[in-house]
Structure formats: structure tokens, C-alpha cells
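A.B. asks:
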Amino acid sequence: MKLLPFKTWISITGGVLVLVALGLGINQAAAANREVQDAAISPIHPEFSMLDSDGNNVLDSGLPVSTMKTCGACHDTEFIASHSYHSDLGLSEVQSANPVTGESWDASSGPFGHWDPLGYRYLSQPGDEFLDLGTPEWVMTYGLQHIGGGPAYLSRTGQALTSLPAQASNPETAAINPQLGRAVIWDWEESGIIEMNCFLCHIPSPNTSARQEAIGEGLFGWANTATLSGTGIVIKDGSGNYLWNPEAFDENGELLEENITIQAPTNDNCSTCHGLVHGSETPLVLTGCSLEYSQTARTGQVIAAAMISDSGMNLSDKNSLARSWDVHAARQLQCVDCHYSLNNPVYYRESDSTRPDTLIFDPRRIDLGDYLERPDHDFARGQSAQSNLAPELKGSMRRCESCHHSRNIHADWLPYTDAHLSAISCESCHIPQMYAPAIESYDWTVISIEGEPKSVCRGVEGDPDTLYSLVSGFTPTLLPRRNIDGQQVLAPYNLVTTWFWIYDDANGNTRPVRLIDLETVYLKNGHYRAEIVKEFDADGDGQVSELELTLDTSAKQELIAARLVGLGLGNPRIQGLVQPYSINHGVAGSGFAISDCRACHHEASRITQPVRLAVSVPGGVLPAFAEDTNISANGNLSMDESGALFYTLDPITEGLYIFGNSNTAWVDWVGGLSFLGVLVAITVHGALRYLQARKSRKSQRRLTHRNTRKLYLYEAYERFWHWLQTVLIVILLVTGLFIHRPDLFGISFRGLVVIHNVSAAILAINAFLSLFYHLASGKVRQFLPHPYGFFDDAIRQTKFYLRGIFKDEPHPFEKSPEKKMNPLQQVTYLGILNVLLPLQGLTGILIWGAQRWPEAAGLVGGLAGLAGYHTLLAWLFAAFIAAHVYLTTTGGTGPFDSIKAMITGWEVTGEKTVRDISEPQGKKKK
Amino acid sequence: MPITKKPFWILGLIGILLIIAAPVVVFWPEERSSGNDPADFIPEHAVHVSHADIVQGPLETPQDVTRACLECHPEAASQVMQTSHWTWESREFTVPGRDEPVTIGKANQINNFCISAQGNQKSCMSCHTGYGWQEGQAYDYSIQENVDCLICHADINTYAKSNYGNPVEGVDLLAAARSVRAPTRENCGTCHFNGGGGNNVKHGDLSETLYYPDKEIDVHMGGNDFLCTDCHWTENHQILGRLVVDNYQIEPDEQVSCANCHNETPHNDERINSHVQSVACQTCHVPAYALDEPTKTNWDWSTAGLNIPEDHYTYLKIKGAFIYEQEVQPTYLWFNGNLDYRYLLGDIIDPSQPTLINDPAGDISDPNAKIFPFKLHISKQPYDTGYNHLLAPITSGENGYWTTFDWDLAFYLAEPVTGLPYSGRYGFTTTYMYWPSTHMVQPAEKALQCDACHGDSGRMDWEELGYPGDPIEWGGRFQP
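Protein chains in written order, with the working numbering: chain P, 5 to 930; chain U, 69 to 548.
1. Please report whether the beta-carbon of Leu741/P lies at a distance below 7 angstroms from any beta-carbon of chain U.
2. Using 7 angstroms as the limit for Cβ to Cβ distance, is Ala764/P near chain U?
3. Helix, strand or coil for His709/P, going by three-state DSSP, please let me know.
4. 7 angstroms is my cut-off, CB to CB: does Cys518/U come that close to chain P?
5. If you check the beta carbons only, do Gln387/P and Gly373/P fall under 7 angstroms apart?
6. Which residues, in chain order, does the stretch 722-735 of chain P contribute to contact with chain U at a C-beta distance below 8 angstroms?
7. Measuring only the C-alpha atoms, how far is Pro422/U from Lys448/U?
8. Three-state secondary structure (DSSP) at Glu39/P?
9. Taking 7 angstroms as the threshold (beta carbon to beta carbon), is Gly283/P in contact with chain U?
10. Can you check DSSP and say which residues form a bridge with Met825/P?
11. In chain order, what residues of the same chain lie with their CB nearer than 6 angstroms to the CB of Phe596/P, ignoring the 5 residues before and after it?
12. Report the three-state DSSP secondary structure of Asn2/P (helix, strand or coil).
13. Here's a check: name, in chain order, each residue in its chain whose Cβ is nearer than 7 angstroms to the Cβ of Arg38/P, leaving out the five neighbours to either side.
14. Where do the ends of the alpha helix (DSSP H) carrying Phe742/P lie?
15. Using DSSP with H/G/I as helix, E/B as strand and the rest coil, what is Arg253/U?
16. Can Gly316/P and Val281/P be called in contact, C-beta distance under 7 angstroms?
17. Can you look up Ile307/P in the DSSP assignment and give me helix, strand or coil?
18. Tell me Gly574/P's beta-bridge partners as DSSP assigns them.
19. Taking 7 angstroms as the CB-CB cut-off, is Thr908/P touching chain U?
20. Please list, in chain order, the chain U residues whose beta carbon lies closer than 9 angstroms to that of Ser328/P.
21. Beta carbon of Ile219/U, beta carbon of Thr197/U: below 7 angstroms?
22. Would Tyr97/U count as contacting chain P if we go by Cβ distances under 7 angstroms?
23. Please specify which runs of the beta strand (DSSP E), each continuous and at least 3 residues long, are wholly inside the stretch 142-207 of chain P, giving them in chain order.
24. Does the beta carbon of Gly914/P come closer than 7 angstroms to any beta carbon on chain U?
25. Three-state secondary structure (DSSP) at Val619/P?
26. What separation, rounded to the nearest whole angstrom, lies between the Cα atoms of Gly523/U and Ile211/U?
27. Counting only beta-carbon atoms, is Ser922/P nearer than 7 angstroms to chain U?
28. Pull up the CB-CB distance for Pro614/P and Phe650/P, whole angstroms please, since I reckon it's below 8 angstroms.
29. Check whether the stretch 371-383 of chain U touches the stretch 409-421 of chain U, counting contact only when three or more Cβ pairs, one atom from each stretch, lie closer than 8 angstroms.
30. Taking only beta-carbon positions, decide if Ala309/P is within less than 7 angstroms of chain U.
31. Please name the residue or residues paired with Gln449/U in a DSSP beta bridge.
32. Hey, could you find the ends of the beta strand (DSSP E) Trp852/P is sitting in?
33. Taking the DSSP output, what are the residues bridged to Gln583/P?
34. My output table needs one value for Leu555/P: the three-state DSSP class, helix, strand or coil.
35. What is the residue span of the beta strand (DSSP E) that Thr514/P lies within?
36. To the nearest angstrom, report how far apart Glu217/P and Thr177/P are at their CA atoms.
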């Protein structure tokens, strides 16, 4: 390369240097423009020193920090630790059998003791033949999602763990040695115990991975100290020991303010265990349904302020999802705004049931200082299905209606608002869809080489763990939930189905098969055992693929059972369990909530849609619903042709009546048959009369009328009233039919209801005015049958209709302005106008006002009962109209005389006579 | 057969139908209406009348063209001459510290981009809507034939301007004159998108992308193909919309406002509607400017004149070093539509502080002020170290800085032109200029959401704005 002249080099170097200087200079100027984002610091917490469990400054002793002693210098840590179910997790409930489920393998109803088939390791109890999780190993596995204290601090009998005599047979002091495959003693003195870890929730960035590491290595005593890694207060040296950094402390041994910030818990703190809670700086990306984000995995809930359309996931139809993942997160609500500490004077609100009626708000509350000294760490909570821990606290949190005017918002567009609000929870419509995958089923009857179950994620197509799989999300399952106040409402859940082997041990306890045993049965040296491959390998490639790893034949089932027996596990069998997980977060803003009535009030209602529980049923064992939940699941389990298992809610067994979905079919049958029957009868009758008339015209001796004259029978008002009533009833019947079966007709439902109600109101007014008229004028007399001779007349009239009319006999009853109706007519009209019409009107009014007068409506079976009566009566009315219109053709001298009379008021009457047309006209016999 | 001849029963039938129909109509369920339809406010576009046969040649000079236009549109030139497109000055203002009223405009004031048009008419006037504005002499504003009709009305493919505002050599004036129609985005954009010497240099929210934008760039011009005049309503050549960098007070009825077409509170959500009293529409609906093309955010004149590699986006010898940025988050200030201060030639500066060329008026206690997004342009431009005022160099022309690279000479030559005394000593000082961001409006789904401003990741500096803290916690400014 030819060298450039020297001058050029100088210029280029100078230029580069200048450019660098420029860049820095311009950056300085630009920096003035950029806003400095200060971290939100609350430096009001006084300085304090770190104390170890003996109460000495850690700088002197080098021992791990004791939160109970350090924070306990000012806060009542004993109170806190004993008032925290996050810490307790069921320790206080540990007993030999869970009274709710009766399942003997549940030691409590909390994570310490309750069998979680997703995590699969269970807490062994004293007297178990085989040890799965002893307390030490429980701390090492589940302890990652435990805040310390409780079972990591005290034994099941309430003593300090370090004081227990170490025995290999005591699950509290034993752990399985993986190499030996059996239980060995755990030395609590050496490992230490974990106190309730204040730092996890009360500092901005607790180092959970360092804490996990310490716990995973069994260094329980250092777990709380490890949480402070990264703050500069404590440093790990080369050999893995934690050393306190004197630079972080002042000369009095107290922590320097800039090294630690004590604050109220933020969403980030809660999400370290309850995940997924996501901030807005980066697009949200989530794949698969791993238990790393336990809440999201079990329910599909994502709590993030960002818009779903801004996420980085491959979501179906993402651009249309211009809504936040959770509207409350978007509005900057924090977890603690709803899940507050129960004695927090800011949030505390007395329960409506204990507050006197005269008091809207009781302003007395504890002093802030008292609260800070003894904050109750039992947090307000909802009524979730999956946790029976601290059941007395269920329903203590603010619900939607604590903050929102739920009635006002819906009253202007949702019919029967109160009925809806008392039958369905807010979440049912306001969490219409989940947009993250969630666990559908875990099959622990088989095991993969990595020691994982066969799992299926709901809401994603294809391999859930890659970003390219399409996430379509899923619709939550609506199930009836019994609230603590006894009310039953529909609420959304994700149903997680698991299958696992259980066995009876030598002491008669039924236990789930331990993970270690399952691995022994299937695997050897990290590969499937030869006999497993032989049995499961269907395509003969020498491998057991994911598709082949399923117990779909009895041979496979027996093989595994036999191997389990060989390990000493008696009576191994498969058990299936369906667990519902509550969905309460991920709320959609109002524009995206369900507002289409047909989502539920339709044949394909989302309440009665089958939900897939699993793609296959191992061993053909149908799962049972978990019994210790507050939901009711009396629906149907069914399988389709591919072997997938579905659950369908049955409204009848749950005592639900869903308009547009549930049908009292017999009402339609009876009414429809009556109507059809009448139609058939009048068709036959009319046909016969028509034939008769034709015969007469053809013959010589023809039927005519003589002495024909006109009578003014019907006054103007009578006619007006009659026809108004006719039109109204026809409109009511037609609109009623559409309202009865809205899915058959696509007309505006609301409009039809308006027409129906308006017509009914006018009909009622019309009826009252007419009643008044008839009573006041005395014309009501014409409707009242003469008691003397009534039956004779009625029978005579009936005979005429059935026989005489075909023989051209004269009408047995002569009309006159004073007497216009034959006895049959009188009786019929009386019944129609004074019994059926009022009944129909009354049922209609109660349907319309079911919300206003719920007790009255309830007397006759509520809306469901009322609808039945109303429909049946409507059918009868329809039948009446058909018969009535037909029978008007039997009056007067011609078939349309009576109708014309009702229009004009004048009826043509005459005597029937038979005339021989062969005779000349002039000689008419009089 | 009825005895009465007249069919009275029909009256009864009509009565029945009315009795039923009337209440049904009254009670019929209403669709929830969302208020007015903004499309109703778009001015009607005039029917295009093709001038292909109307305009007759020959048209030799640009003034010939204007005379031809004035034959049928005699008022047009005098109308244009009343506007700031012609005068390049605002109307007069009295400002403190000055005895006489002053005007502000490109004709007589400076900015912190190319600094001054005075004395640089050769290049700067290529965006004047007139012909022949030369340096060295006062411009005769009264000559009607010098009004350039074509730049706004001709098809921009047929016409372009160059030195002193005269048409480019070789332009077929007759073809241009025959192509006239109502102005399109191309007419306005040919000058307004290229201010500051290049595409999107100056405003940040006006770039050539707006010729054919899609909906995500600008929902009005992209999604709905709006012309500039659909918002900048024009009557008798008086175009609504005043640029706040060149005015002290702007009358509201001279200004374009979203509320001209849109309901003041169009949101379904009450909470968002309550923001309207403190947050301008643009703040949420213009989340960023310079969406497609980068815009200049820094200009360091002090480094001009070096012989180092040049690049349009980083360094040019004639101009100095720059920083361009794209998708820039605006600077947010309280703004009531006016300025508190506008730098006028001769004003004394404090060289140790950044000088504000314009200072938007408004603060948290001003009920007419709302939080508004601005582009902040930071420059380092020359000032007189003796007199402590900013200097306006002569840059174009044969003795201009862009030819001689001699600042001294440029300032000496500027003295008689601008009237600014030059002490012979110059330095460079930092200046700030705030340009409102109001174009590149996003569709509603892309507007800022709550967490964009509130919460830990919010973009607002609440304390800077005068709030004690995030108003989502502390409450807004009008609450007790």
C-alpha cells in the first residue's frame, strides 16, 4: 500500500481526535437535555446495624445476619413471624390427615404439607415407610418460594429445628442422599435455619439467585445474608464464604444509608415468587408454561402494564389486542393496594358485616407508629380455589365492588344487572381470554429422561418452548364457586389435570410414588431401561419418543405396576386429579370485556363449552376433581375419538338456568302440540264445510238465506278495543316467539324486547279501560252466561258445530244487539279475558320487573319458572286465536260476515232455508 | 254490505297503528353514540378546474406567470402579500426592554440552525413565496407580480425554485402554470419538510415521509390522506397555524387546534378525559418525532471549517458537527400557546448559560397551559464576546463563510446588513430552541398508555414540571 503524505496523516489523526472531542462535547450538551431518572428512594428509614442471631454486630462476629434480631430491634418480629401465612404455609395445621380431602398424604392445606402434583415432591410424615421430602429437603426445593420462618425455622411441634434430636427416621431431621438412595441424618446445627427474610420483600433488588444458590447447597443459615449480594454490604470471597464489607458501614457499625433502601413491597418483590409481573422497558416475551413463573404457569395470568400488542410473543391476531395485559397494572396499581396488610391503617376497612348500619366509615385506626412496630403480615386475600391456607382470611381483600360502582356502570346497558352481578363474578366477563400459555396436564405416570413428566401446555400450538410457536391463548373455564358468604357465582379457572401413581406402604399409608422410585422404575444411568424401551417403543427405532411415552395399553400399565411392586410399593395404581386454579388478574379494560349477550346466552354458550383437560388418559383412569376447593364440579367427563378428555359443565346439575341455553322443552312440546292440534281441527272442519257448500251449490236444492237484515251489533268503541287488542296480541306473539328463540332469528334483540314491552303495556291499558267501560255501561252482562239452561244451550251449540253445521241446520242461537254471544263464546271469552290474559300479563310484568321485585318473582320460581308459564300461556293464546278466527266464519249468512261486522259494526243475519232453484224466482216462500 | 258509504273503520285502524308505533319509536334502544364525527369538519375540497386550456402562453418570466394568474384572480396577490408567507415577518409586538415594537421572522431574526437569512438571500430565499429577493437592497414588498403562485399551486413535478426565489433554469413556466390546482402535501412539503438544509433537519415532525405516509407514520395524512389545508384551513390565502418560534402571542383563532374537528373529550374513559385539562392532545398522540427519518438535534458551529471527512449526518465543513436522532422522545414543557421570550437580534446573553432562543410560556399554575411535547435543538453558535450578543454571519455568496471559511469576515460583512455591531472578537455559546411536535400523529391504539408517563418507567420529570411527585399518587394540579 502506498503511504499517504505526512500532511494527510496529520490531518486524519487530528480529525479523528477532533471528532472524539466533538463527540464528548456534544454528548455533554445533549446530556443536559436528557432527563435524569432518579430512583424512587424513601430514605426515611433510620440507620441500623446488622445483628446476628446472638444479637452481636455481624462486623464483629462474621456470622450470618439474623433478620429477627436486626429488624427486631425496632419491629416486633415475633409478632410478624407469627402473623404471616406466607411464612407459616401450613405448619400450624400439620396433622395426620387433611379433614377436607381425607387424603392421608396431605399433611396440611398449605404448601408445607399439601400434595402438589405439579411439583411432585411431597412432604413425608412421621411413620411413612419411605422418605420423600423431609423438612430439610422441603426447604431446599420449595423453600425457594418460601420467605423463611415457619417450617424453615420451627419444627412441626413448634420447637426450634436445631433442638430436635437427629434421627434418620424422623422426616424433620432426615434427607435422602442421592448416592445412597436412602435417608441420612441432617444436621440443622451445621446448616442453620432460615428466619423470615425481610429483605426479600422490603428492599428494591433482593438477590434471589444468590439466595437460591445458598439454599440449594444446604447453607440455610446464610440464605438471608445471600439475599443482600450485590448491594455491597456483603461480598462472597473466592472460596464461597460471605464476608461483611466494613466499607458499607459507618464508624458506629451502622449501615450507610446509600447501601440499603427499606421500602414497602413493590410488584417486583411479589413477582419473585408469584411471577410473571413485567415492567414496560422491554417487550414482554414468555414461552412455554414452566413453573418458573408459577402463577402464570398455572393460570396464564400475566400482570404487566404494557399492551399485549407491544409484546414480543408470537400471539395470534396480536395487532388487534390493543389492550394492556392487566388494566390495573396499567393504571399503576400495586399488589399491596389490594393485598394489603390487614392492620394497615391506610387501607384497613371494617367489614360490612360487623360495622353498624348507621356508620358509613369508622375513622378510628391504629397509629402509624404502632402499625410499623407490629405490622400484620397476614395479607388480605380473595377466594381462590387452590389454597385453603388460613381459610378464615379468605375474602378479606378489596373486591372489585370495593372500588368500582359495579351497578352504575352496567345499569344502562345490561338487563337484569343485579341478577347478573349476583350470579357471575366480575372476572367472568372482564377476563375473557388468557394470552399466555398455561399448564393443561401433567402426566406423572411416565417420566422423561430429564426426570420430567409428560406435560401439555394450553393455549399454544406446537412446541411451547420456542418463540415461533403460535400462542392462541385460551378461554378460562367458568365454574360455580361458593363464596365465604354462601353465595354461589360463576368464576373463571384454569383446570390442571394430573395423573400419578399412588401406593400403600407397609404401615398402611397411601402415598404418591416418590420421584426417586419413578426414576428407578423407568431409567438407568440416564437412559430408559431395556424392558421399558421394549414395551414402549412402538416404531421400533430403539428410542422412546415423547409420543410413545404414554400408558395407553394395559400391558404397559402392568409392567410399570409390577416394577413398582418390585421396589416394595404395595398396590400401585394410577390416580387422576383435576385442580382448578383461580383466575383473577389479567383484567381487560371495559372495551375488551364481554359485552355480547350471546357469549353466554346461546346454545354455544361459553359456560357449557367442553374444555379439554388432557390429550390422553393414561391407563384409562378418569380423574376426579380436587375436593378441598370451593368450586363445584358436577359436570360430565367425556372422551372424543382421539382419546382426549373433556369436561363440560352441566347447568342442570349445578342448579343453573341460562337463558338462551337451558330449555324447558316440555313447555314447547305441549304448547306446540296444542296449537298444531287446533290447526288440524279447524282445517278438517273447514274443509268439510267447504265441500258441503260446494255440494249445495251444485245441487238443485240450494241453501240460501231469507229475511236477511242488518243489525248494528258492535259499537265503535267495542270494535276499536277488539282490534287494538288483536293487533297487540299478534305483535306480542310474534315478538315473543323471536325472544323465545333468539338464536333462530337474527333481529335486534333489544328492539324486539322494546316492542314486546310497549305492546304489553298498551294492552294492559286497553284491557283496563275496556273493563271499566263494560262494567260502567253494563255491557259486561253479555259476557255472563245465563246459569239456567246453560249446559243445555252449550251442548246444543256444540252439537251444531260438530254435526248440524254440515247439515245446513240453522244456528241454534240468534244474535241480537243485547245478546251477541252463544254460551260457548261467553265461557271462552270470560276465561281468556279474565283469567289467561291477566295471568299472562302478570307473568310478563314479573319477568320485566324481576329485578325490582325479586321476592315476588322468586315465589313462582324466579325468571326460569316465570318463563315457563309465560311460554305455555302464549302457546294457548296462539291456539285460541286460530280457533277464534276460524269460528267467526260460522256466523252470519256468509263466511266473512262476522269479520265484516266487527269492522263496520253491522252484521247480516237471516234465516237459513233451502230453496229449489228449479222453481221460478217470483214464487218465493215466505 | 255496509250501510254507511264512508269507510270510517279505516280511521280506527290508523288510530291503532299510531297508538302502537309512537311508544315503540320513543323507547327504541339507542346505540351509544360517541359524539361528533370529526370528518364533518374537514373543509370541502374545491372541484378541480383544469387550467390546461385556460392559461395561454407565452410565459417567459415568472412575473409573466403571476400576471396571467391575476387576470382571473385579481385579489390573489394582494391577499398573499398580507400573509407571513410573503413578508417573512410576524405582526408587531411590544416587548419589554425595547422602545419600538418589533417583528419576528426569517426576514430579520435568527434561529439556531442556519442562523440568519439576512445577507444570505441567495440560498435562503429559494423558499420565499416570491421572486427576486436579493441581498444588498430592501425587498419591495408591494410588487404584485413578484408573488410566486406556482410554488403552492403548480404540480411540483413541473416547477422548482432556486436562487433568490426565482424558478430553476429550464423550468417550463407555461407547463407549470397550466398544471395549477389546490395545494397538495408536495407543494407545502417542498419547503417545509426541508427546512434547515435537508430532509427533516429542522422540525422533526415534518419530513418527506409525509408525502406518502402510511397510517403508522401519521394517522391523518397517512390513514386518511389529509392535505395540509384540511387542518391549516385557508381562506383568502390566509393560512391558519402560526409557528410559535416566530411569535410572542398567537391568537387562538389564528392557530390550528385538534379541537377544531375533534371533540374536546372524545375518550370513552373518564380518567383519560380528565387529563385533557393539563395534557395537550399531542403529548399522548405524538409519542415520538422523527419516526422514519432522523432529525438534527445538535449543531456545533464551532467546529466548522476543518478539513476532515464529511458526512451528511455527522460533519460538514461548512456547518460543523451534528447529531441526528431518530424516534426521539420529546421534551415536555408547560405551554399555553405563546412564548415568554423570543431572542431578538441584539439581546444580551450570558455566555456561561445556554441561551434560549425561544422560551415557551406556561407553568403549572397557568390554567391555560398544558404539558406539550417539543423538539429541543441544541446548538453552539457564534456570539460577540465584546458585546455579548449572538452574531448572524453571512454564510452564502462569494464572501460568505461557506466560501471563505473566515468567521471574522462573515461578521464584518454582516454588520451593515443586520445592524449588529461587531467588536472583532467572537466565541461560541450554547443555545436552545424549542420546536413544537404536532405532526406524525399516531392512531389511537398507539397513543401513550398510563405507564408511559406514570410509574417507575415513566418519561415525565414531575419535579421539573412543578409537581411534588407523580400525580397518579399525589393528585393533579387542580385538586386540593
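All residues carry an ideal CB built from backbone N, CA and C; glycine is no exception. Computed from a predicted structure; not experimentally measured.
C.D. replies: So, from the data block:
1. no
2. no
3. strand
4. yes
5. no
6. Arg723, Phe724, Trp727, Leu728, Val731, Leu732 and Ile735
7. 9 angstroms
8. Residue confidence is low: Glu39/P scores 32 on pLDDT, short of 50, so the model does not pin down where it sits. No coordinate-derived value is stated.
9. yes
10. Paired residues: none, contrary to the question.
11. Arg327
12. Since the first residue of chain P shown is 5 and the last is 930, residue 2/P is not available in this structure.
13. Because Arg38/P sits at a pLDDT of 33, beneath the cut-off of 50, its placement in the model cannot be relied upon, and the point is left open.
14. Ala720 to His744
15. helix
16. no
17. strand
18. Asp508/P
19. yes
20. Gln517, Cys518 and Asp519
21. yes
22. Per the sequence shown, the amino acid found at residue 97/U is Pro instead of Tyr. So yes, Pro97/U belongs to the interface.
23. 178-181 and 186-189
24. no
25. coil
26. 59 angstroms
27. no
28. 4 angstroms
29. no
30. yes
31. Thr497/U
32. It is not in any beta strand (DSSP E) - Trp852/P instead sits in the alpha helix (DSSP H) that spans Leu841 to Trp852.
33. Val500/P
34. coil
35. Thr514 to Pro516
36. 21 angstroms
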